[in-house]
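Structure record follows, encoded as structure tokens.
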Amino acid sequence: MGAAAQFSWKTVVVAAIAALATLGPAAAQEVAEAPAASEESAPVAPDASDLDSLLNAADQDVSQLSQVSVVQAPALDMEVSTVSRQESTVGKSPAAVFVITNEMIQRSGVRNIPDALRMAPGVEVARVDANKWAISIRGFNTQFANKLLVQIDGRTVYTPTFGGVYWDVQDVLLEDVERIEVIRGPGATVWGANAVNGVINILTKSSRDTQGMFGEAGGGTEERNYGGFRYGGKLSRDATYRLWGKWFERDQGLDPDGAADDWRSGRGGYRVDWNPSCCDLVTLQGDAYGGSAGSRAAYTTLTPQSPAPPFYFRQVDERTNLAGFNNLLRWTHELSDDSDWTIQTYYDRTERSLEQVPFRENRDTVDFDFQHRFRLGDVHGIIWGCGYRNTRDVFFQPADGVPLQFQPPSRADDLFSYFIQDEITLRDEFLYLTGGAKFQHNDYTGFELQPTVRLLCTPTERQSIWASVSRAVRTPTRTDDDVILTTAPAAFAPFPPPAGPFVPVFPRIFGSRDIGSEQVVAYEIGMRAQPTDRFSWDLALFLNDYRYLRNTAPAGFTVDPTIPAYIAEQVLTDDGSGIGYGFEPAVTFQATDKWRLTTAYTFLRMDLNVLGEGDSARNRLYVQSSHDLGNNWEFDLMGRYVDHLPGQQVPSYLVMDARLAWYPTSTFEFYVVGRNLLDSAHREFGDDPYLGTMATEVQREIYGGVAVRY
Amino acid sequence: MYGARQVVIDRRQELNLKGVYLYSFCRFVTWPDASFTGPQAPLVIAVLGSKDLTATLQAVAMKRTANGRKLEIKQLAKPDDPADYHLLVITADIKAEEQSKLIKRLQGTAVLVVTESAGMGNQGAHVNFFLEGATVKFEINVPAAQACQLRIDPQLTALKVARLLGA
Chain A
1 MGAAAQFSWK
11 TVVVAAIAAL
21 ATLGPAAAQE
31 VAEAPAASEE
41 SAPVAPDASD
51 LDSLLNAADQ
61 DVSQLSQVSV
71 VQAPALDMEV
81 STVSRQESTV
91 GKSPAAVFVI
101 TNEMIQRSGV
111 RNIPDALRMA
121 PGVEVARVDA
131 NKWAISIRGF
141 NTQFANKLLV
151 QIDGRTVYTP
161 TFGGVYWDVQ
171 DVLLEDVERI
181 EVIRGPGATV
191 WGANAVNGVI
201 NILTKSSRDT
211 QGMFGEAGGG
221 TEERNYGGFR
231 YGGKLSRDAT
241 YRLWGKWFER
251 DQGLDPDGAA
261 DDWRSGRGGY
271 RVDWNPSCCD
281 LVTLQGDAYG
291 GSAGSRAAYT
301 TLTPQSPAPP
311 FYFRQVDERT
321 NLAGFNNLLR
331 WTHELSDDSD
341 WTIQTYYDRT
351 ERSLEQVPFR
361 ENRDTVDFDF
371 QHRFRLGDVH
381 GIIWGCGYRN
391 TRDVFFQPAD
401 GVPLQFQPPS
411 RADDLFSYFI
421 QDEITLRDEF
431 LYLTGGAKFQ
441 HNDYTGFELQ
451 PTVRLLCTPT
461 ERQSIWASVS
471 RAVRTPTRTD
481 DDVILTTAPA
491 AFAPFPPPAG
501 PFVPVFPRIF
511 GSRDIGSEQV
521 VAYEIGMRAQ
531 PTDRFSWDLA
541 LFLNDYRYLR
551 NTAPAGFTVD
561 PTIPAYIAEQ
571 VLTDDGSGIG
581 YGFEPAVTFQ
591 ATDKWRLTTA
601 YTFLRMDLNV
611 LGEGDSARNR
621 LYVQSSHDLG
631 NNWEFDLMGR
641 YVDHLPGQQV
651 PSYLVMDARL
661 AWYPTSTFEF
671 YVVGRNLLDS
681 AHREFGDDPY
691 LGTMATEVQR
701 EIYGGVAVRY
Chain B
1001 MYGARQVVID
1011 RRQELNLKGV
1021 YLYSFCRFVT
1031 WPDASFTGPQ
1041 APLVIAVLGS
1051 KDLTATLQAV
1061 AMKRTANGRK
1071 LEIKQLAKPD
1081 DPADYHLLVI
1091 TADIKAEEQS
1101 KLIKRLQGTA
1111 VLVVTESAGM
1121 GNQGAHVNFF
1131 LEGATVKFEI
1141 NVPAAQACQL
1151 RIDPQLTALK
1161 VARLLGA
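This is the structure:
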């Protein structure tokens, strides 16, 4: 697609936003003339989602029970806090937000966070091997996808090593997840620097809502065995806690030549929530983990490894030993109904070491965060905050080890950030304008400004329309700045020229400190409505205009006569650009009291002048049917279609998962889950050409288990 | 603009809420001492009808006691089950005639009778749940309870969701 087409797209989106802005007041008058909407507003008690919180409420004050609604929360009233860092609802969020609830996780039968994310429209999840995933939103998917901000309970988990997420160490007890909020598009005003294409925020329940025992155990053909437990209790009248643990062993994926990507991990954690007064909430939580993740890799070597091709590879069955822990403290003080402040700090330690080659990566991160929310008059809802993060890494990497090096091997970086956002009520219950900006100072590129303007119109309680324009950046990482990566020989040339024997030409990529942040200007429009309690839909359209994307440029040609070999040096540059556009409709239909259908479709097109166009599927469809069969039986069917990935040589695939569960009493749950039932195995992503990790196929699998709750 | 508002009840939440209300009734209703065999004797709740509610109550019984007494949950097989209990819940899936017959039979005994069917409050059930909009409410028949030597704490009758009968 040429520049002209880009221009027209942008024009259309901007024109639509402008039209919406001007139409707003006109529509408001129409509504004003209509009879006043009924005062009926179903009381929804947010914590009262389970028996424990109801019992706690009854113990404190029985009258609290009168606040509890037994009507299913309409889709637009679902809580979200990621969009603007405060409690709100989906219907009032001027962004493409999707909420994966605890119930959805349970009913899908998934055992890990990446598989849960497959339920959200717009999220690309492709399994590379049994412990690695390529996960992104709205394009640029790879195992090292670097344009997402991922948080677990307020702790940022993407690594500054490459700006992406080590998914093999991100885990929680899924039973205790409150919800996973997924924001497509830039969330940069109130969130950090990586929120270019989206934010994923995993929130676990307050320990107040996880009182009592939970235990689970199960196993199957691929999920070899797993187990988990939680105990929740009271420390005093105002303080509750939970302790939890889990482990699993996962079998390797399929490769005709054999695979070595089995994975096992164990993890334990705690959370304490303390209400010292009416207006204070203190949360202390943390977890520690250890594990081992395998992979089969073909490392590039500079000396021939075999007398026959391929000469310059060393195939190893690698194991990565994983360990880490983190602790987080958060204190929220409520000043009044619409004013509060929160202070939060955490410490996070991550260790990864390879067994077959001497390569080790350790990282320590300390983060402080403050935010303050208040109202200014009747019109302005203001939220501002500031944060500081220090991250320090150490790489142990002898020169003859892996073809990957970081120079310098150790580095500490500071990041300062400030944000302010104002939600202006242009017309109460009808039109809202949100403007804000994030200012950030980092050690890589200095000062960054990330502004956003969002307009939200709620013509009725059950409809909302929004539009936004934002700029967000992905600041350079250690990889952008300091990497030295030698990849497989691209060609062979005579040495000495012109008539010597042929020797390999190794491309070697060098990071650069002269490159700036990758930038997106995103134009978005969305609509959502809930015409009846049984039916709701949501649609988002977007156009992302990218500048300063990573690219490489030739930087010289050197000879290493000792090998002998040529090195074709390349340097990272920031002259890539392109656009991504698409739309994402999602529909929920409660066909009967006992049967619910949800579906999400994603259309995405990327038009880039750098690599990566073919790494994201153009069409993706997800359908889920959740059926209550009666007599405490549940049956769920999930189907997924993913279009081919030309860049990864992955053909399109259609998969189906199923879950059957039985609750003989409220204490016990028995379930059987079958995944990828339609074929014996399928590939979701290709081999990694840089580090040589070989992808494996995802196999059909069955597992079953029992859960006990009391 | 849209069709009639249809309400989809979250059955699990409704059961949980009713279970917690029943637990609260156990705390705020005083039974005559004679109805317990001793100070440690459990408070027995019997359910006639839906086993779903029995399961919820069993979960409650594992987590809570009422005024120092353990809660014991029994599922009644038929209306004339001669089991001993302090609180009887008759769920909506029992026929109305059978409900009234049972309520009449229990009149004068120290058993708190809880129903969830329209009209049962006036037939003599002490507490009768009903749904208004999204909220679970209940009728309380204090004179009928007094006639059975059951004392209902004013905290319960003062609730917004309580509607007094027979005043």
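Sequence lines, in order, name chains A and B. For the first sequence, counting from 1, position 690 maps to 690 in the working numbering; every step adds exactly one. For the second sequence, counting from 1, position 166 maps to 1166 in the working numbering; every step adds exactly one. C-beta atoms are modelled at their ideal positions from N, C-alpha and C, and glycine is treated no differently. No experiment lies behind these values; they were computed from the predicted model shown.
Subject >> Contact under 7 angstroms by Cβ, Val-521 of chain A with Arg-471 of chain A >> reply: A contact, by the Cβ cut-off of 7 angstroms.
**OP:** Check Asp-615 of chain A in the structure and name its three-state DSSP category.
**Re:** Correct three-state label for Asp-615 of chain A: helix.
Subject >> Gly-227 of chain A beta carbon less than 7 angstroms from that of Tyr-703 of chain A >> reply: Cβ atoms of Tyr-703 of chain A and Gly-227 of chain A: not closer than 7 angstroms.
Subject >> Near-chain B residues of the segment 162-196 of chain A - C-beta to any C-beta below 9 angstroms >> reply: Within the segment 162-196 of chain A, no residue qualifies.
Original post:
At a cut of 8 angstroms, does the segment 416-431 of chain A reach the segment 500-507 of chain A through at least three beta carbon pairs?
Top reply: In the pairwise beta carbon analysis, the segment 416-431 of chain A is classified as not touching the segment 500-507 of chain A: fewer than three pairs are separated by under 8 angstroms.
**OP:** Could you have a look at Tyr-1021 of chain B and say whether DSSP puts it in helix, strand or coil?
**Re:** Judged by DSSP in its simplified three-state form, Tyr-1021 of chain B adopts helix.
Original post:
Beta-carbon of Ser-353 of chain A versus every beta-carbon of chain B: anything under 7 angstroms?
Top reply: No, Ser-353 of chain A lies away from the interface with chain B (no Cβ there is under 7 angstroms from its Cβ).
Subject >> Nearest to Met-638 of chain A (by Cα), restricted to the options A:Lys-438, A:Ala-120, A:Trp-274 and A:Pro-501 >> reply: Closest option to Met-638 of chain A, Cα to Cα, is A:Ala-120.
Original post:
Terminal residues of the continuous beta strand (DSSP E) containing Gly-215 of chain A?
Top reply: 212-220 is the extent of the beta strand (DSSP E) around Gly-215 of chain A.
Original post:
What separation, rounded to the nearest whole angstrom, lies between the Cα atoms of Thr-22 of chain A and Leu-539 of chain A?
Top reply: With a pLDDT of only 42 at Thr-22 of chain A, under 50, the local geometry of the prediction cannot be trusted, and the value read off the model is given with reservation. Rounded to whole angstroms, the separation of the alpha carbons of Leu-539 of chain A and Thr-22 of chain A is 21 angstroms.
Original post:
Rounded to a whole number of angstroms, what is the C-alpha to C-alpha distance between Gly-185 of chain A and Gly-526 of chain A?
Top reply: Near 11 angstroms, if we compare the C-alpha coordinates of Gly-526 of chain A and Gly-185 of chain A.
Original post:
When the cut-off is 7 angstroms and only beta carbons count, does Ala-707 of chain A lie next to chain B?
Top reply: Cβ-Cβ to chain B under 7 angstroms: no for Ala-707 of chain A.
Original post:
How would you list, in chain order, the residues of chain A whose beta-carbon sits under 8 angstroms from the beta-carbon of Tyr-1023 of chain B?
Top reply: Close partners of Tyr-1023 of chain B in chain A (Cβ separation under 8 angstroms): Leu-55 and Ala-58.
Original post:
Can you find a C-beta in chain B that's less than 7 angstroms from the C-beta of Val-70 of chain A?
Top reply: It does: the Cβ of Val-70 of chain A has a partner Cβ on chain B nearer than 7 angstroms.
Original post:
So what does DSSP say about Trp-1031 of chain B, is it helix, strand or coil?
Top reply: Coil.
**OP:** Report yes if the C-beta distance between Gly-576 of chain A and Phe-603 of chain A is below 7 angstroms; otherwise report no.
**Re:** Contact flag unset, no.
Subject >> Closer than 8 angstroms at the beta carbon, the chain A residues around Gln-1058 of chain B >> reply: Under the 8 angstroms cutoff, chain A gives Thr-665, Ser-666 and Thr-667.
Subject >> Nearest-angstrom Cβ-Cβ length linking Thr-300 of chain A and Asp-273 of chain A, presumed shorter than 8 angstroms >> reply: Not really, about 50 angstroms apart at Cβ, beyond 8 angstroms.
**OP:** Would you kindly check if the distance between the Cβ of Asp-255 of chain A and the Cβ of Asp-262 of chain A is under 7 angstroms?
**Re:** Not a contact, by the Cβ cut-off of 7 angstroms.
**OP:** Can you give me the Cβ contacts of Glu-518 of chain A inside the same chain, cut-off strictly under 6 angstroms, excluding the 5 residues immediately before and after it?
**Re:** Within the same chain, Glu-518 of chain A has close Cβ partners Arg-474, Tyr-548 and Leu-549.
**OP:** Use the C-beta contact count for Ala-298 of chain A: other C-beta atoms within 10 angstroms, 16 or more gives buried, fewer gives exposed.
**Re:** Flag for Ala-298 of chain A reads buried.
**OP:** Please report the Cβ distance between Tyr-175 of chain A and Phe-214 of chain A, rounded to the nearest whole angstrom; I am assuming they are in contact, meaning their Cβ atoms lie under 8 angstroms.
**Re:** For the record, residue 175 of chain A in the displayed sequence is Glu; it is not Tyr. In this structure, Glu-175 of chain A and Phe-214 of chain A form a Cβ contact; the two beta carbons are roughly 5 angstroms apart against a cut-off of 8 angstroms.
Subject >> Enclosing alpha helix (DSSP H) for Ile-382 of chain A [first to last residue] >> reply: Where Ile-382 of chain A is concerned, there is no enclosing alpha helix (DSSP H), although the beta strand (DSSP E) around it starts and stops at 380-396.
Original post:
Mind pulling the chain A residues with CB within less than 8 angstroms of Ala-1144 of chain B?
Top reply: Per Cβ cutoff of 8 angstroms: no residues; Ala-1144 of chain B is ~21 angstroms from chain A at best.
**OP:** List the residues of chain B whose Cβ lies closer than 8 angstroms to the Cβ of Leu-691 of chain A, in chain order.
**Re:** The premise fails here: Leu-691 of chain A is roughly 47 angstroms from chain B at the closest Cβ pair, so nothing lies under 8 angstroms.
**OP:** Would you mind working out which of A:Asp-574, A:Gln-356, A:Val-99 and A:Arg-319 sits nearest Ala-116 of chain A, comparing C-alpha positions?
**Re:** Across the set A:Asp-574, A:Gln-356, A:Val-99 and A:Arg-319, the C-alpha of A:Val-99 shows the shortest separation from the C-alpha of Ala-116 of chain A.
Subject >> Proximity test, Cβ basis, 7 angstroms: Tyr-418 of chain A and chain B >> reply: Tyr-418 of chain A has a beta carbon lying at 7 angstroms or more from every beta carbon in chain B.
**OP:** Output yes if chain A places a C-beta closer than 7 angstroms to the C-beta of Asp-1010 of chain B; else output no.
**Re:** At a cut-off of 7 angstroms between beta carbons, Asp-1010 of chain B contacts chain A.
Subject >> Distance, Val-1029 of chain B Cα to Ile-1140 of chain B Cα >> reply: So the alpha carbons of these two residues sit roughly 12 angstroms apart.
Original post:
If we cut at 7 angstroms on Cβ distances, does Ala-1134 of chain B have a partner in chain A?
Top reply: Interface residue, yes.
Original post:
If you draw a straight line from the C-alpha of Gly-674 of chain A to the C-alpha of Ala-1144 of chain B, how long is it?
Top reply: Cα to Cα, the separation comes out at about 55 angstroms.
**OP:** May I ask you to report which of helix, strand or coil DSSP gives Thr-1054 of chain B?
**Re:** DSSP places Thr-1054 of chain B in helix when its eight states are reduced to three.
Original post:
For Gln-648 of chain A, which three-state DSSP category applies?
Top reply: In this structure, Gln-648 of chain A counts as helix in the three-state DSSP scheme.
**OP:** Within the same chain, show all residues whose beta-carbon is closer than 6 angstroms to that of Asp-481 of chain A, passing over the 5 residues directly before and after it, in chain order.
**Re:** Here the set comprises Gly-511 and Arg-513.
**OP:** Output yes if chain B places a C-beta closer than 7 angstroms to the C-beta of Val-587 of chain A; else output no.
**Re:** Using a Cβ-Cβ cut-off of 7 angstroms, Val-587 of chain A does not count as an interface residue toward chain B, since no Cβ of chain B sits closer than that to its own.
Subject >> Terminal residues of the alpha helix (DSSP H) in which Ala-116 of chain A lies >> reply: Here the alpha helix (DSSP H) through Ala-116 of chain A covers 113-117.
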